[in-house]
Amino acid sequence: MDFAAVITEWFPYLIGGIFATLGLVGSALLLGVLFGLPMAVGQVYGKRPIRFLIGIFVWFFRGLPVLVLLFLFYFGVFPGLGLEAPAFLVGATVLGLRGAAYQSQIFRGAIQSVSEGQMIAARSVGMTKLQSIRNVILPQAVRVALPGWSNEYPNILTDSSICYAIGVMELMTRTSQIVSQTYITMPIYLVCAGIFILLNYAGMKVLHMIEKKIKIPGFGTGAA
Amino acid sequence: MDQAEFLFQILLPVLMEGMIVTIKLIVFTAPFGLILGILVAVGRVYGSKPISLLCKGAVGFIKGTPLLLMLFILYFGLPSIGITLSAFVASLVGFIMCNGAYNSEYIRGAISSIKEGQIIAAQALGMTRMQAVRHIILPQALIRAIPGLSNEFIYLIKYSSLAYMLTVIELTGAGKMVATKYFEFTEVFMIVGIGYLILVTITTIAVMLIERKVAVPGMTQSGRNMLDIL
């Protein structure tokens, strides 16, 4: 059993999985912001029925295990709607909707942390409610939310591996394929673990850089 | 076969059996996860340099790698070095490690939030360092760690579904079996989902009550609502 030969042979294949993994994580973060932010605004400023609906959405997507959501969407919802979606798309959708549910709560907390006087002040200089939210509340709230939002990244990264269950060709799937091809277990699992830890570390570095970039001196919590 | 018959005579009995396995996984994991969390946290804060580094490294490794990979290592990887675990035990070990690692972070944070003067004061009264940690620091730290620990418990309910990936037939696995056999995916997984929502919601309410009960006025913040906890 020549481990070095196996690794050099299969390493490119394993590395290919990084793109799928990062694709899943990227779409989860992107959808999380695209849907999570409006949901947070709706939950704080919306009318009762809107708040209720968003609450149900959040409860559903945060209360269910990723695995159950993946099975539900891959075998149930997507075929039920007559869509023949590839596994990657289903995985990205599920992680994205889940991301939206989790991130909306981070943004909600941040919006609520902006003092109410700001809204009153904005309204009193003639802004509409929507203008005040967009131009006064959100720019502050987003900066408050950023450290908490960055902390979603490692969770989503590790959750993305569960897409193995529906056969998305990401790191975890490729790892177990290599294991079943070569019958070498431990070293390959550990290489996979190393790649995940590296991705985790590198991603956090990038997010901290973004945090620093959009930070306004003297505003918000100093330590990111 | 009509829907009601399928639901009550086929699906629910199988799901109930799965639910029992899920509850077993959770109930066996939680106490060991808590103990492991306390040990690792104390090791990190008060242990000697090598112990502290070891704990830090282990927590970093477990938090940085997916739980699914950890389960594969325990179930498919360990036999290559002569340790064979059953699927159920491998899942338990994986869950305890994961739960313990995250718990230790909350407990560590809580321990560091307690003033160092307390240990000095306890030692001045003649307690050894270990006694001071056990009787003075930990009781306060654990109360402060309750919100984090209960969040972890709720996560545990959800990631217990990963045991199915090691062929443990728990709630998700039971659902998958029925769904595949009768080709009723949407319905079955919605009901499996409701099963988890029931577990999570009951736990959330219990957590709210416990947090209110053990809240020490002026020391802990209380009054989290459902959405904060879930």
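Which chain is which? The protein sequence lines are A and B, in order. UniProt numbering numbers the first residue of the first sequence as 1 and each following residue consecutively. UniProt numbering numbers the first residue of the second sequence as 1 and each following residue consecutively. In this text, a Cβ means the ideal position worked out from N, Cα and C, and glycines have one as well. In this text the structure is predicted, and so the values were computed from the model without any measurement.
Whole-angstrom distance between residue j and residue i, CA atom to CA atom
i	j	result
Gly36(A)	Ser124(A)	28 Å
Leu67(B)	Phe95(B)	8 Å
Phe75(A)	Gly63(A)	20 Å
Tyr153(A)	Asn200(A)	8 Å
Ser104(B)	Gly60(B)	11 Å
Gln103(A)	Lys56(B)	28 Å
residue 232(A)	Ala141(A)	Given that chain A is displayed from residue 1 to residue 224, the structure contains no residue 232(A) and the question cannot be resolved.
Trp59(A)	Ala101(A)	8 Å
Ser115(A)	Gly46(A)	18 Å
Gly193(B)	Val68(A)	7 Å
Ile62(B)	Arg51(A)	37 Å
Thr8(A)	Val191(A)	12 Å
Pro38(A)	Asp2(A)	54 Å
Ala122(B)	Arg44(B)	20 Å
Ser161(B)	Gly175(B)	11 Å
Tyr182(B)	Leu53(B)	52 Å
Val214(B)	Gln105(A)	25 Å
Ile35(B)	Pro79(B)	27 Å
Glu17(B)	Thr186(B)	20 Å
Ile137(A)	Gln181(A)	55 Å
Ile197(A)	Leu69(B)	12 Å
Ala193(A)	Ala202(A)	14 Å
Arg129(B)	Tyr159(B)	37 Å
Ile83(B)	Ala58(B)	20 Å
Val6(A)	Gly16(A)	16 Å
Spatial neighbours of residue i in its chain, beta-carbon cut-off 6 Å, leaving aside the 5 residues before and after
i	result
Pro217(B)	none
Val21(B)	Glu170
Arg98(A)	Phe61
Phe88(A)	Val168
Leu14(A)	Arg174
Phe73(A)	Val90 and Val94
Close-in-space but distant-in-sequence residues of the same chain around residue i (CB under 7 Å, 5 per side omitted)
i	result
Ala223(A)	Here Ala223(A) scores only 43 on pLDDT, less than 50, and its place in the model is too uncertain to base an answer on.
Leu11(B)	Val178, Val188 and Ile191
Gly195(B)	Leu15, Met19 and Leu171
Tyr75(B)	Leu85, Ala87, Ala90 and Leu166
Thr29(B)	Leu92, Phe95, Ile96, Asn99 and Leu156
Ala20(A)	Phe88, Val168, Met169 and Glu170
Ile114(B)	Ile137, Gln140 and Ala141
Ile216(A)	Arg143
Gly47(B)	Cys55
Ala163(B)	Leu25, Ser91 and Glu170
Asn155(A)	none
Val133(B)	Val42 and Tyr46
Neighbourhood of residue i by C-beta distance below 8 Å, restricted to the same chain and skipping five residues each side
i	result
Met127(B)	His135 and Ile136
Val168(B)	Val21, Leu25, Ala87, Phe88 and Ser91
Ala165(A)	Leu67, Leu70 and Phe71
Near the ligand FAD: residue i beta-carbon under 7 Å from a heavy atom
i	result
Ala141(A)	Judged by which ligands are present, the structure shown has none, so any question about the ligand FAD falls away.
Mind listing which residues of the region 169-183 of chain A have their C-beta closer than 8 Å to chain B's C-betas, in chain order?
Met172, Thr175, Ser176 and Val179
Taking beta-carbon pairs under 7 Å, can you tell me which members of the region 103-115 of chain B lie near chain A?
none
Compile a chain-ordered list of the residues in the region 150-179 of chain B whose CB is closer than 9 Å to at least one CB of chain A.
Under the 9 Å Cβ criterion, the region 150-179 of chain B contributes Ile154, Ile157, Lys158, Tyr159, Ser160, Ser161, Leu162, Tyr164, Met165, Leu171, Thr172, Gly175, Lys176 and Ala179.
Of all the residues that make up the region 183-200 of chain A, which are near chain B by a beta-carbon distance shorter than 7 Å?
Thr185, Met186, Tyr189, Cys192, Ala193, Phe196, Ile197 and Asn200
What residues from the region 3-34 of chain A come within 9 Å of chain B, judged by C-beta to C-beta, listed N to C?
none
Compile a chain-ordered list of the residues in the region 53-85 of chain B whose CB is closer than 9 Å to at least one CB of chain A.
Gly60, Phe61, Lys63, Gly64, Thr65, Pro66, Leu67, Leu68, Leu69, Met70, Phe72, Ile73, Phe76, Gly77, Leu78, Pro79, Ser80 and Ile81
Residues of the region 189-202 of chain B whose Cβ lies closer than 8 Å to any Cβ of chain A, in chain order
Phe189, Met190, Val192, Gly193, Tyr196, Leu197, Val200 and Thr201
List in chain order: all unbroken alpha helix (DSSP H) runs of 4+ residues lying wholly within the region 11-98 of chain B.
Within the region 11-98 of chain B, the alpha helix (DSSP H) runs of at least 4 residues that lie entirely inside it are, in chain order, 12-46, 49-64 and 67-72.
With 8 Å as the C-beta to C-beta threshold (strictly closer), list the residues of the region 39-70 of chain A near chain B in chain order.
Contact residues of the region 39-70 of chain A toward chain B are Gly55, Val58, Trp59, Phe60, Arg62, Gly63, Leu64, Pro65, Val66, Leu67, Val68 and Leu69 (C-beta to C-beta distance below 8 Å).
Output the residue ranges of the alpha helix (DSSP H) runs that lie fully inside the region 136-189 of chain B and measure 4 residues or longer, sorted by chain position.
138-159 and 171-182
Please give the ranges of any alpha helix (DSSP H) in the region 159-218 of chain A, keeping only runs that are unbroken, at least 4 residues long and fully inside the region.
Complete alpha helix (DSSP H) runs here, min 4: 171-182 and 186-214.
Check distances from the C-beta atoms of the region 139-168 of chain A to those of chain B and list, in chain order, the residues that come in under 9 Å.
Pro154, Leu157, Thr158, Asp159, Ser160, Ser161, Ile162, Tyr164 and Ala165
What residues in the region 94-119 of chain A bring their beta carbon closer than 7 Å to a beta carbon of chain B?
Gln105
Give me the subset of the region 70-86 of chain A whose CB atoms are less than 7 Å from a CB atom of chain B, sorted by chain position.
Of all residues in the region 70-86 of chain A, the ones placed with a Cβ closer than 7 Å to any Cβ belonging to chain B are Phe71, Leu72, Phe75, Gly76, Val77 and Gly80, in chain order.
Contacting positions in the region 87-102 of chain B - beta carbon closer than 7 Å to chain A
Residues: none.
Just by C-beta distance, which residues in the region 21-35 of chain B are closer than 8 Å to chain A?
none
What are the uninterrupted segments assigned as alpha helix (DSSP H) that are 4 or more residues long and contained completely in the region 54-83 of chain A, given in chain order?
66-71
Entirely within the region 114-167 of chain A and at least 3 residues each: give me those beta strand (DSSP E) ranges in chain order.
none
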